[in-house]
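Q: Numbering (this note's numbering), first residue to last: 434 to 685.
What follows is a structure written as structure tokens; I'll ask about it next.
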């Protein structure tokens, strides 16, 4: 089964007295269960708009998005997903433990099982020692770690992570890689956007590149490394040309 299916997706944002802005233009792609897929593009390419549709936050103007064969608008489909938004905002007057307890209760978790998950996840992301510190006293990197822990509550089948490594230091990025690999080993599918191309290259099975709302490239990392010195080189050439640099390289 496909964990994610996007077919002919169009996303427009309406403006008063002006033509609508089209952020996503007839986008189609699929993600297999158990894959780690990087979703890449420059700022404004349409990544976050696509993710909002996958999470049911933004209705598509046309086309559809499905999670595990169900419409992304279905509540049951979203129960299978752990989500980290591009900017994760948490109450400054709660602690990481209280924040996790709140999100866990929204998922129907409670009691000793929830307590054990909270402690284990805060330990896994490296902020267990701050679990009773107010969020307003945490650094940006610590809040990002809290967001990652929140996304992992309930052992979701699919992780959708928007700019997952934002604000993390080199130690945090290495710990994140190990954590995401462990999630894949338990069977989770991971779909994430990031501007940290080194992280993408070290983690992903495949990458998708979106440019001006359209899918312009889709390859495995092995296919890219056979023709380019780095993912960064391939990505920059692709977005500068607005077309798949690997196809052009092979043709040449």
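Just so you know, even glycine gets a beta-carbon here, dropped at the ideal spot from N, CA and C.
Which residue from 636, 486 and 469 puts its Cα closest to that of residue 442?
A: 486
Q: Would you kindly check if the distance between the Cβ of residue 536 and the Cβ of residue 577 is under 8 Å?
A: no
Q: Looking at the strands, I want to know which residues DSSP matches up with residue 444.
A: 457
Q: For residue 575 and residue 594, what's the separation of their Cα atoms in angstroms?
A: Going from the Cα of residue 575 to the Cα of residue 594 covers about 16 Å.
Q: Do residue 632 and residue 598 have their C-beta atoms within less than 8 Å of each other?
A: For residue 632 and residue 598, yes; Cβs fall inside 8 Å.
Q: So, with DSSP's three-state summary, where would you put residue 650?
A: strand
Q: Report the CB separation of residue 465 from residue 436 in whole angstroms; it is logged as a contact under 8 Å.
A: 7 Å
Q: Buried or exposed: residue 473, going by 16 or more other Cβ atoms within 10 Å of its Cβ?
A: buried
Q: Who are the near neighbours of residue 683 in its chain, counting only those whose CB is closer than 8 Å to its CB and skipping five residues on each side?
A: 660
Q: Could you give the DSSP three-state label for residue 532: helix, strand or coil?
A: helix
Q: Which residue or residues does DSSP assign as beta-bridge partners of residue 553?
A: Under the DSSP definition of a beta bridge, residue 553 lacks any partner.
Q: Would you tell me roughly how many angstroms separate the C-alpha atoms of residue 664 and residue 623, rounded to the nearest one?
A: 19 Å
Q: Taking C-alpha atoms, which residue in 515, 488 and 469 lies nearest to residue 507?
A: 488
Q: Just verifying my parser: in three-state terms, what is the DSSP assignment at residue 565?
A: In this structure, residue 565 counts as coil in the three-state DSSP scheme.
Q: How would you write the range of the alpha helix (DSSP H) that residue 671 sits in, first residue to last?
A: Its alpha helix (DSSP H) spans residues 664 to 674.
Q: Can you tell me which of the three DSSP states residue 628 falls into?
A: Residue state for residue 628 is assigned as coil, using DSSP reduced to three classes.
Q: Given a cut-off of 8 Å, decide if residue 596 and residue 572 are closer than it, judged by their beta-carbon atoms.
A: no
Q: In terms of alpha-carbon separation, which member of 512, 510, 646 and 678 lies closest to residue 482?
A: 646
Q: Would you kindly report the start and end of the unbroken beta strand (DSSP E) that includes residue 497?
A: 495 to 500
Q: If you draw a straight line from the C-alpha of residue 408 to the C-alpha of residue 479, how long is it?
A: Nothing about residue 408 can be reported from this structure: the residues present for the chain run from 434 to 685 only.
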